[in-house]
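Enquirer:
Numbering (my numbering), first residue to last: 133 to 367.
(1) Only counting the same chain, and skipping five residues up and downstream in sequence, which positions put a Cβ closer than 7 Å to that of residue 202?
(2) Counting only runs of 4+ residues fully inside the region 249-292, write out the alpha helix (DSSP H) ranges in chain order.
(3) Within a Cβ cutoff of 8 Å, which residues of the same chain sit near residue 204, ignoring the five residues on either side of it in sequence?
(4) What residues in its chain sit with their C-beta under 8 Å from that of residue 350, if we drop five residues either side in the sequence?
(5) Taking the straight line between their C-alpha atoms, what separation do you get for residue 339 and residue 182?
(6) Can you name the start and end residues of the beta strand (DSSP E) that residue 330 belongs to?
(7) Opposite residue 346 in the DSSP bridges: which residues?
(8) Rounded C-beta distance between residue 157 and residue 149? I'm assuming under 8 Å.
(9) In terms of residue numbering, what span does the alpha helix (DSSP H) encompassing residue 200 cover?
(10) Taking 8 Å as the cut-off, decide whether the C-beta atoms of residue 321 and residue 343 are in contact.
(11) Would you kindly work out how many angstroms separate the C-alpha atoms of residue 145 and residue 287, rounded to a whole number?
(12) Please confirm whether residue 257 and residue 282 have their CB atoms less than 8 Å apart.
(13) Using the Cβ count rule (16 or more neighbours within 10 Å means buried), how would you classify residue 184?
(14) My understanding is that residue 254 touches residue 247, with C-beta atoms under 8 Å, so please give their C-beta distance in whole angstroms.
(15) Over what stretch of residues does the beta strand (DSSP E) that includes residue 191 continue unbroken?
(16) Tell me whether residue 141 sits in a helix, a strand or coil according to DSSP, three-state version.
(17) What is the rounded straight-line gap between the Cα of residue 290 and the Cα of residue 178?
(18) Hey, how far is the Cα of residue 280 from the Cα of residue 210?
(19) If residue 250 and residue 278 are in contact, beta carbons under 8 Å, what's the gap, nearest whole angstrom?
(20) Would you tell me roughly how many angstroms separate the C-alpha atoms of residue 273 and residue 337, rounded to the nearest one?
(21) Which one of 260, 208, 197 has the shortest CA to CA distance from residue 370?
(22) Taking Cβ to Cβ, would you say residue 142 is nearer than 8 Å to residue 173?
(23) On the criterion of 16 or more Cβ atoms from any shown chain inside 10 Å, does residue 227 qualify as buried, or is it exposed?
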């Protein structure tokens, strides 16, 4: 049975209840419970999808399908995922991106990376904070940075970040829930494109995530993926 199917039903019906499509719920307490159900359903669905993606990556079955894309357009599309929660916290988002940043990339995978990184920045930035996003092409590569002035990460935890199910065990960050998979998936996807992901952070000052993606995916990486697909078909 697909785990996502019952969750999609829970999310869909709770959304109908939020909108009062069949009449008012009555007590305000019911409205609060409905919001909790909807949020928890979405959170669990994202968690399941992260586990599935991570299992594919670790099994060498996560395939990218590169095409020529404008990374700035994808960045603008993903901004909507954090615009509402950021506005609710009074967070200012400053974007400085070249109008055209053409690269070879798997569009869906790149969007997933951006959503993960932007969501982390929003989640760990306090009220009335600021997130700065930069993107340009130089030296044959897309150079992207996402900086926040949030709680930051202890130096002792930086080395393990990016490993599956790893979260920062620090009082300043403990109240931010997460699967511990988003960053691991993002790093793996970037590396599948022949790129690099690096994190710079200071506790109490904020975090900067740097991503470098080559404009063309290295041929040897595509050859490896093609060979793996051939072996899978033969099996």
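Quick reminder that beta carbons are idealized off the backbone N, C-alpha and C, glycines included.
Here the structure is a predicted model, which is why all the values come from computation and not from measurement.
Expert: Taking the definition as stated:
(1) 232, 233, 234
(2) 287-290
(3) 229, 230, 231, 232, 233, 267
(4) 326
(5) 23 Å
(6) 328-334
(7) 273
(8) 6 Å
(9) Run containing residue 200: none in the alpha helix (DSSP H); it sits in the beta strand (DSSP E), 199-202.
(10) no
(11) 44 Å
(12) yes
(13) exposed
(14) Not really, about 10 Å apart at Cβ, beyond 8 Å.
(15) No beta strand (DSSP E) contains residue 191, which DSSP labels as neither H nor E.
(16) helix
(17) 24 Å
(18) 17 Å
(19) 6 Å
(20) 28 Å
(21) Coverage of the chain is limited to positions 133 through 367, which leaves residue 370 absent and any answer about it impossible.
(22) yes
(23) exposed
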